[in-house]
Structure formats: structure tokens, C-alpha cells
Amino acid sequence: MTRRLSLLLLCGLLAFSGGAGAVPFSLPTDQVPPREVGVSEHLGSKIPLDLTFSDENGAPVRLGDLVTLPTVIVPIYYRCPNVCNFLQGALARALPQVRRTPGKDFQVISISFDETEGLADARQSRAIYYQAMQQKFPTGAWRFLTGELPAIRKLTDAAGYHFRREGNDFQHPVAIFVVSSDGTISRYLYGTSILPMDLTLALVEAAEGRVSPAIRKVVQFCFSYDPQNSKYVFNIFRVSATVILLTAGMLFAFLAWTGRKPREPESKP
Amino acid sequence: MSTPSVTASDRGFLGDGKYPGIFGWILSTDHKRIGLLYLYSTMTMFIIGVILGLLVRLELIAPGKTIVSADTYNALFTLHGVIMIFLFIIPGIPAAFGNLFLPIHLGARDVSFPRLNLFSWWLYLTGAILAVTSLFTGGGPPDTGWTFYVPFSVQTTTNVTLAVVAVFILGFSSILTGLNFIVTTHRLRAPGIGWGRLTLFVWTLYATAWVQVLATPILGITVALIFLERVLDVGLFDPARGGDPIMYQHLFWIYSHPAVYIMILPGMGVISEIIPVFARKHIFGYWAMALSGLAIAFAGSLVWAHHMFVSGMSDTAILVFSFLTFIVAIPSAIKVFNWVATLYKGSISLEPPLLYALSFIFLFSIGGLTGLILGAAATDIHVTDTDFVVGHFHYVMFGGTGMAFFGALHYWLPKVYGRMYDKRVATWAWGIIFVGFNLLYFSMMVLGLRGMPRRYYDYVPEFTNLNVLATVGSWILAFGLVVMFINLIRGMISGPDAGMNPWGGKTLEWTIPSPPPTENFAEIPVVTTGPYDYSDEVLAPEARR
Ligand code: HEM
Ligand SMILES: [Cu+2]
Chain A
1 MTRRLSLLLL CGLLAFSGGA GAVPFSLPTD QVPPREVGVS EHLGSKIPLD LTFSDENGAP
61 VRLGDLVTLP TVIVPIYYRC PNVCNFLQGA LARALPQVRR TPGKDFQVIS ISFDETEGLA
121 DARQSRAIYY QAMQQKFPTG AWRFLTGELP AIRKLTDAAG YHFRREGNDF QHPVAIFVVS
181 SDGTISRYLY GTSILPMDLT LALVEAAEGR VSPAIRKVVQ FCFSYDPQNS KYVFNIFRVS
241 ATVILLTAGM LFAFLAWTGR KPREPESKP
Chain B
270 MSTPSVTASD RGFLGDGKYP GIFGWILSTD HKRIGLLYLY STMTMFIIGV ILGLLVRLEL
330 IAPGKTIVSA DTYNALFTLH GVIMIFLFII PGIPAAFGNL FLPIHLGARD VSFPRLNLFS
390 WWLYLTGAIL AVTSLFTGGG PPDTGWTFYV PFSVQTTTNV TLAVVAVFIL GFSSILTGLN
450 FIVTTHRLRA PGIGWGRLTL FVWTLYATAW VQVLATPILG ITVALIFLER VLDVGLFDPA
510 RGGDPIMYQH LFWIYSHPAV YIMILPGMGV ISEIIPVFAR KHIFGYWAMA LSGLAIAFAG
570 SLVWAHHMFV SGMSDTAILV FSFLTFIVAI PSAIKVFNWV ATLYKGSISL EPPLLYALSF
630 IFLFSIGGLT GLILGAAATD IHVTDTDFVV GHFHYVMFGG TGMAFFGALH YWLPKVYGRM
690 YDKRVATWAW GIIFVGFNLL YFSMMVLGLR GMPRRYYDYV PEFTNLNVLA TVGSWILAFG
750 LVVMFINLIR GMISGPDAGM NPWGGKTLEW TIPSPPPTEN FAEIPVVTTG PYDYSDEVLA
810 PEARR
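Chains A and B are the protein sequences, given in the same order. In terms of the working numbering, the first sequence opens at residue 1 and continues consecutively. In terms of the working numbering, the second sequence opens at residue 270 and continues consecutively.
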């Protein structure tokens with residue numbers, strides 16, 4: 001959507017689209033019932049570091065052993081037919097341009113929230129995105145994890161990242177977040193248009209232990225979108241468009257038909 | 270030309286109103302008084318907007334938190350955007366100068382529906398007050414950016430509802446003004462004014478009015494839906510309840526896409542008035558000018574219709590859109606070409622109005638070209654969410670419409686008040702504004718190319734130098750604006766008598782006294798030539814004063 005809107009707005013409009021990306025909604029936790037899809041930012045709180053996931057080799061890793069640097073955490077599911085690919089693709093494009101040293105100043109961890117995914121999915125994803133970066137990113141600086149449902153839930157709940165399973169797929173917000181080396185959440189980033197400079201800045205903040213609310217952007221969602229659902233709204237619009245057009249057409253016909261007002265020179269019209 | 274001698278002491282429509290004091294203004298149905306009401310209110314909004322813009326820039330002078338927190342920063346730029354777009358740029362030229370001069374250009378005594386006209390201004394005022402009130406009440410100022418994107422704007426706890434209602438009311442105001450202008454143009458032309466003798470300013474107002482009447486109702490409906498969503502919690506845009514958050518963006522652009530033409534067309538009309546007068550030449554390609562305005566409006570309406578009748582964004586849709594945007598570039602280019610052709614071999618006098626017109630052409634062209642870069646580069650360099658975009662659209666809107674507005678002020682205020690400002694000071698102010706403008710927004714474009722994100726109050730330290738430069742530019746720009754306004758205000762209050770026709774213009778407003786009398790024309794004129802006929806002029810500078 002982002003890229004597409006951008007394309008058509010080139011004549012100056014684009015300007016306002018805010019890149020058509022996105023805005024977060026940061027709500028106090030108590031206003032978001034836990035299983036509603038969305039993000040409630042938990043800035044300043046820590047992710048549980050004692051959780052255990054599996055890495056791309058199938059070996060168990062404790063989160064606390066991994067998170068020793070400012071870390072970008074990317075909640076996705078590898079088999080997502082949809083936006084997760086764009087999100088990781090955008091990361092792959094942005095990461096080599098981040099002005100910090102990967103592996104030394106920061107790292108990236110993708111974590112699947114689909115508990116049925118395993119080693120193979122993680123490996124495939126890893127291959128794809130390292131390929132996309134053409135090896136311009138050190139091995140080991142972007143990890144791809146999978147895990148069991150309880151661990152996944154603990155992590156995403158702690159981060160205020162709420163998703164919902166729909167059959168084989170998920171409804172989930174498109175967001176990543178940055179934690180500092182002690183696991184404190186310092187910034188959320190939304191949408192699939194990730195600027196290298198946004199990431200750099202977020203990592204600088206994480207390194208300095210600063211916590212900042214997100215750059216306001218619309219949250220995008222990844223879900224099996226069914227246009228039927230909002231059809232009735234589009235119908236409202238189609239009907240009103242027809243009415244507007246007809247009215248405008250009638251006005252024009254009327255004015256063209258009756259022409260100039262016959263005027264008596266001396267009276268004020 | 271035999272002209273009755275008129276002095277500034279003859280106060281024309283500025284004299285006694287129907288009611289005493291302020292009521293003679295805020296209850297007046299005289300199009301010129303309403304035009305001035307709009308002028309005063311849009312200028313006030315502009316000044317508030319500039320102050321907010323300066324604060325935004327000041328925050329960016331150094332990395333980290335400088336004067337405001339992240340949340341306040343969001344509120345500042347949102348309000349800056351809302352005020353500049355909805356309260357200054359969109360109503361500015363059509364409502365203020367359109368009301369002042371559309372009937373006079375048509376040889377009419379007023380618009381077709383004078384009371385409706387007054388009502389529009391009251392709507393505008395109500396909307397403006399609500400928008401500004403949203404700053405101080407409720408859960409804090411809106412912080413969504415001027416596009417009010419949901420779901421953020423549905424969920425944020427800040428005062429979006431009030432801002433949204435304000436935009437709704439403003440939409441109505443602009444529909445009514447549009448209707449009024451359309452009917453007036455059709456029905457109140459003086460004898461002899463066929464469609465081929467309309468001034469280009471009237472042509473652009475007419476084209477703009479149609480876009481307004483078509484597109485603005487959608488803004489109303491969209492905004493009403495957000496309102497429902499926030500108040501009744503319907504779930505239209507909430508994916509968790511089967512709604513579609515993307516749809517809202519779609520709906521917003523149904524309005525915003527044509528709205529861009531509403532913003533720029535009247536500005537082009539002003540430039541088309543100024544250039545022939547100061548080049549002493551007939552405008553080059555009258556019909557090309559008139560029709561390119563209509564073409565822009567038509568393309569705008571097509572985009573609108575497409576948005577309305579085709580849901581979702583198929584690949585074909587994208588193709589159609591890209592094509593349409595390119596189509597729009599063509600009439601714009603035609604206009605620029607014709608202006609330059611008009612100036613070519615003209616007897617040019619570099620008076621302040623012309624200086625603003627020239628800076629319009631220059632800055633607007635830069636804006637247009639960077640727009641093309643934006644479109645083309647979007648896939649490689651990621652500039653869409655950076656300061657590059659911010660620089661680009663300030664070039665288009667401020668460098669374009671904003672400069673046209675200042676040009677209109679310098680061109681027409683001597684007619685409205687019958688007094689002349691100090692031209693030397695005006696020229697200086699123009700120079701300062703021009704320098705400050707480019708320093709400010711060019712730096713921002715460079716910053717954007719280097720990756721500085723927009724809509725954020727903090728940045729990495731290596732961007733500091735350019736940010737300081739941009740902020741200093743904003744101060745120079747602001748200083749120039751202050752000089753310009755003071756000079757104009759002083760001129761209008763106590764400047765020397767401007768006379769009936771200080772610039773040697775040929776359009777109808779220059780044939781009546783300054784300030785114009787309440788009824789404009791003692792007798793409805795019978796027009797026998799086109800509006801830009803300088804064929805009788807022996808290109809002698811002393812023919813003007
Ligand atoms: C002295 C004059 C001005 C200054 C210093 C100024 C400064 C700025 C700055 C720094 C931003 C970027 C905020 C950010 O993205 O972080 C901005 C945004 C904006 N400005 Fe201006 N500006 C000025 C005049 C204008 C004018 C005349 C217009 C309208 C024609 C305008 C329309 C906008 C809009 C629509 C935005 C986007 C707000 C948003 O992102 O929601 N500005 N301005
Ligand atoms: Cu997904």
C-alpha cells in the first residue's frame with residue numbers, strides 16, 4: 001500500500017501521505033483487552049530474558065544469552081503469505097545502511113509467533129534475507145528463532161504486541177521494537193517502510209538507555225483481508241458519489257440552460 | 270482614458286456600513302467586506318501557523334529534546350499542518366481575493382447569493398475557532414498529523430474529535446463558496462463578457478469551485494464516519510472487528526488528491542493576472558491558459574471518480590493514477606511556459622507583485638521537479654518518510670500558493686485600500702523572504718536525502734549542522750515576513766494615495782475608484798475588449814504612475 005500510494009501521488013500530494021505508512025496507537029494497557037489485535041506500547045518495561053527459544057540450528061537459546069546488545073526484535077511468522085515478507089524485506093534493505101556496526105553495536109532477532117513453525121522455516125527465511133542483503137551483513141547478527149506457545153505469549157504480552165490466530169494465518173500488527181542490552185523496551189517502529197535513519201536513531205537511544213515514544217505512524221495490519229467486509233461502506237460511498245455527480249450535472253445543465261440573468265441595469269442583483 | 274479623480278479620502282466600501290462599527294462588517298453581505306473578513310482571518314491563521322512552524326523548527330535545532338517533548342512535538346506539527354492546509358492555503362486565495370474581485374472582474378455588483386456568502390464566512394470562523402480550541406481542551410491537542418490517519422486517530426486519546434468536527438464545518442464553508450462562485454460566473458457577467466473574455470483569475474476560481482463542489486462532500490462523509498467511529502464505536506476501520514484501516518486512507522485521499530488542485534489553481538490564476546500587467550503584454554495563449562486550468566480540475570475530478578467507483582488498489586488502478594498525475598503535470602507545464610512566453614520581449618517592470626510572481630514560477634518549478642524525483646526514486650532511495658518530502662511540499666504549497674498569495678496582497682491591496690505601500694521596503698522584504706525560504710527548505714531536502722526522518726523531534730548528531738542552517742533560515746524567513754506585513758499594514762493605513770490604476774492594469778477593477786464603491790459600478794459596464802488588451806499601449810513607462 002505504502003509504495004503504491006507513493007507512486008501515484010508524485011505530483012506533490014505524496015507529500016502529505018506521511019508515506020502512507022502508518023501511525024501507532026499507544027494506549028494505556030488497561031484499554032486494550034489482551035486478545036485484541038494491536039500494539040500497546042510498554043516503553044521502559046523489560047522483556048522476560050529467561051525464556052527459551054530454538055535457533056536456526058534447532059539448538060535451544062535463552063533470550064538473556066542472546067540479548068547482550070541493543071537488539072531489534074521482529075515478531076513475524078515465517079510462512080506469512082503477506083506483510084511479514086515485506087517487513088523483513090524492508091529490514092533487509094535498511095539494515096546494511098544503518099550507521100552502527102552490526103554484531104558489535106546491535107543485532108536483529110526475528111521471532112515467529114506461530115508455534116507450529118520450526119527449524120526449516122527459520123532456515124529458509126534466514127537464507128532469503130541474507131541473500132537479499134548480498135552478504136553485506138555479518139552472519140550471526142540477524143537471528144531467526146522459533147518457539148513454544150507459552151514462551152511466545154510471554155514475550156509478546158510483555159511487549160504489548162497482540163495478535164490472533166485465524167486458521168493457518170494470523171491477524172497481527174506490523175511492528176518491530178528495540179530493546180537495550182538489558183532487555184528494556186526503548187522504541188517501537190511501525191509499518192513496512194523502515195528508514196535506516198529511524199533504525200539508527202532507535203539503536204542510539206537504546207544504547208544510551210533512553211526510552212522514546214514512537215514516531216507517530218499508522219499501524220498497519222497483516223490479516224487475511226476480506227473486501228466483502230467493508231463492502232457496505234464502499235456502497236455508501238458509491239451511492240453518495242452518484243448523487244453528488246447527478247446533482248452537480250443538474251446544476252451545470254441548469255446554469256448552462258438558463259444562461260445569464262436578465263438584468264435590469266439599475267437594480268442591485 | 271478619462272478617469273474621475275478619486276482620492277483615498279473617498280472611503281468607498283470601507284466607509285459607513287449598514288450597521289455601526291464591527292457589526293457593519295460581520296453582518297455585511299457586501300462581497301468586498303466578506304473578502305476582507307476572510308483576508309483578516311486567513312492571515313491570522315497564517316501567522317499562528319508560522320509561529321507553530323517556527324517552534325517545530327526550533328525544536329529541531331539540536332538533537333535530543335530541545336524545547337518540547339515528543340508528544341508536544343507531535344501536537345505542534347499536526348496543528349501546524351491542519352492550520353496551514355485547512356485554514357490558510359485552501360480558503361486563502363479563493364475566499365479572500367475571490368470574494369474581493371470575482372464580482373468586479375465580472376462587472377457585477379455582488380455575488381449571486383450574498384447572504385449565503387456571509388454564512389460561509391461564519392462557518393469558516395466557527396471551524397477555525399473549533400480547530401484552535403482543540404489545542405487547549407479535551408485530552409490534549411490532536412497529534413495524528415494533519416491527515417488524521419486511523420486507526421491511530423480512532424484510538425488516540427487526544428482531542429481528535431473536535432478537530433475532525435472543525436474540518437467538517439470548514440468543508441461546508443468551502444462548498445457554499447464554490448456554489449456561489451459557479452452561479453455568479455454563469456449568471457452575473459456584464460454585457461460583453463463572453464466566456465472568452467473572462468479573466469484567467471475568474472477561470473481558475475470557476476474551475477476550483479467545481480472541484481470543491483464535487484470533492485468536498487466526500488471529506489464531509491469521511492470525517493462524519495470517523496466521528497461515528499469515535500463516538501458510537503462502530504468498528505468501520507477496526508480490523509479486529511472486520512473493518513478496514515486501509516480504507517480510511519483511501520477515503521482520505523479521495524478528498525486530498527483533488528484538494529491539491531484546490532490549493533494550487535487559484536494561485537496560478539493570480540500569477541496569470543500579475544504577469545501581463547507588468548510585462549505590458551497580452552497573456553500568451555489565453556485559451557491554453559483557461560483550458561489548462563479546466564484540464565487540471567477535470568483530471569482532479571477523474572481521480573476523484575476513480576477513487577469513488579473502484580474500490581481497492583489494483584495494479585490497473587495504480588497505472589491509471591500514475592498516468593493521471595503525469596497528465597496533470599502537462600497543464601502545469603503549459604502554464605509555466607505561457608507565463609514565460611508572456612514575459613518574453615515584454616516591457617517588464619520589476620514591481621513587488623511581479624517579484625512574487627517570478628518567485629512563484631521558480632519555487633513552484635523546483636517543487637514540481639522534486640515531486641518527480643520523489644516518484645521515480647521511491648524504490649531506490651527511501652525518501653518518502655523523510656524531510657525531503659517536507660521540503661518538497663513546502664516548495665509546492667508555500668513557494669507556490671503562498672507566494673501567489675503575497676503577490677496578490679501586493680497587487681490588489683492598493684486597490685482595496687486606495688493607498689500604496691513603500692515599494693522599496695516591499696522589495697527588500699521579498700528578497701529576505703526568498704533567501705530565508707530557500708535556506709530553510711533546501712536544507713531540509715538535503716537532510717531528507719541523507720535520511721533524516723520527518724515527524725520526529727530527535728535525530729542523530731551528524732545531522733546537526735544542516736538542521737541549524739534550516740532553523741536559521743526559518744528565522745530569516747520569519748523576519749522577512751514581519752517586514753512585509755508591517756510595510757503592508759503601514760501602507761494601507763497611511764500610505765500615499767494609490768490612485769485608480771497604479772499598475773496600469775486592464776481588467777475591470779482598475780476602471781473603478783480605489784477603494785471601490787459599495788456597489789462597485791455606478792453603471793454596469795459594457796465590455797468591448799478582452800481583459801489583457803495592451804495593443805493600444807505605446808510601451809511608455811510614464812503611462813503608468
Ligand atoms: C515560516 C514558515 C514555516 C515553517 C518554519 C515550517 C516548518 C515546518 C516543519 C519543520 C515541518 C516538519 C515537521 C516534521 O515533520 O517534523 C512542517 C510540516 C508541515 N508544514 Fe510547514 N512550515 C512553514 C510554513 C508552512 C506553510 C505556509 C504551509 C502550507 C502551505 C505549511 C504546511 C505544512 C504541512 C502540511 C506540514 C506537515 C504536517 C504533518 O506532517 O502532519 N508549512 N513545517
Ligand atoms: Cu504477516
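Note that CB positions come from ideal geometry on N, CA and C, so glycine has one too.
Extent of the continuous alpha helix (DSSP H) to which residue i belongs
i	result
Q54(A)	Looking at the sequence provided, one finds Ser at residue 54(A) rather than Gln. Element bounds for S54(A): not the alpha helix (DSSP H) but the beta strand (DSSP E), 52–54.
T670(B)	Counting along the chain, T670(B) falls outside any alpha helix (DSSP H), and DSSP gives it neither H nor E.
D65(A)	63–66
P372(B)	368–374
A297(A)	Because chain A spans 1 through 269 in this model, residue 297(A) falls outside it and cannot be assessed.
Y393(B)	383–402
I152(A)	149–159
V380(B)	That residue, V380(B), is in no alpha helix (DSSP H); it is neither H nor E in DSSP.
D198(A)	196–208
Amino acids of chain A, ordered along the chain, whose beta-carbon sits closer than 8 Å to that of residue i
i	result
P486(B)	S240, I244
D802(B)	In chain order: nothing, as chain A lies at least about 22 Å away.
CA nearest to the CA of residue i, picked from the options
i	options	result
I630(B)	I373(B), Y530(B), G669(B)	G669(B)
A206(A)	N57(A), A151(A), G44(A)	G44(A)
N770(B)	L560(B), M689(B), V665(B), A364(B)	M689(B)
V433(B)	R456(B), I352(B), F382(B), V471(B)	I352(B)
I762(B)	T797(B), L494(B), G687(B)	G687(B)
I793(B)	I373(B), F675(B), W699(B)	I373(B)
T395(B)	A564(B), R384(B), L746(B), F441(B)	F441(B)
N789(B)	H661(B), L375(B), G463(B)	L375(B)
A365(B)	P332(B), T311(B), L321(B)	T311(B)
V67(A)	N57(A), D105(A), W257(A), L201(A)	D105(A)
S628(B)	T655(B), D691(B), I702(B)	I702(B)
L619(B)	T402(B), W772(B), V436(B)	W772(B)
Range covered by the beta strand (DSSP E) that runs through residue i
i	result
I185(A)	185–190
W142(A)	142–145
P730(B)	From DSSP, P730(B) is part of no beta strand (DSSP E); its letter is neither H nor E.
E166(A)	164–166
Partner residues on chain A for residue i, Cβ-Cβ distance less than 7 Å
i	result
H455(B)	L255
Contacts that residue i makes with chain B (C-beta to C-beta distance below 7 Å)
i	result
T200(A)	V729
V204(A)	V729
Contact test: residue i Cβ vs ligand 2 heavy atom, cutoff 7 Å
i	result
H162(A)	no
V37(A)	no
V482(B)	no
I359(B)	no
Y307(B)	no
H661(B)	no
N82(A)	yes
Y77(A)	yes
Amino acids of chain B, ordered along the chain, whose beta-carbon sits closer than 8 Å to that of residue i
i	result
A248(A)	W479, V482, L483
Chain-ordered chain A contacts of residue i [CB-CB under 9 Å]
i	result
I495(B)	Going along chain A, no residue has its Cβ under 9 Å from I495(B), so there is no contact; the nearest lies around 12 Å.
V452(B)	L251, L255
Cβ-heavy atom distance, residue i to ligand 1, below 7 Å
i	result
V325(B)	yes
A677(B)	no
V704(B)	no
V729(B)	no
V715(B)	no
Y288(B)	no
G733(B)	The residue asked about is misnamed: residue 733(B) is Thr in this sequence, not Gly. Checking every heavy atom of ligand 1 against the Cβ of T733(B), none is found closer than 7 Å.
A747(B)	yes
F346(B)	yes
Near ligand 4: residue i beta-carbon under 7 Å from a heavy atom
i	result
H42(A)	In terms of ligand content, the structure shown lacks ligand 4 and carries ligand 1 and ligand 2 instead.
Which complete alpha helix (DSSP H) runs does the stretch 37–121 of chain A hold, if anything under 4 residues is left out? 63–66, 83–94
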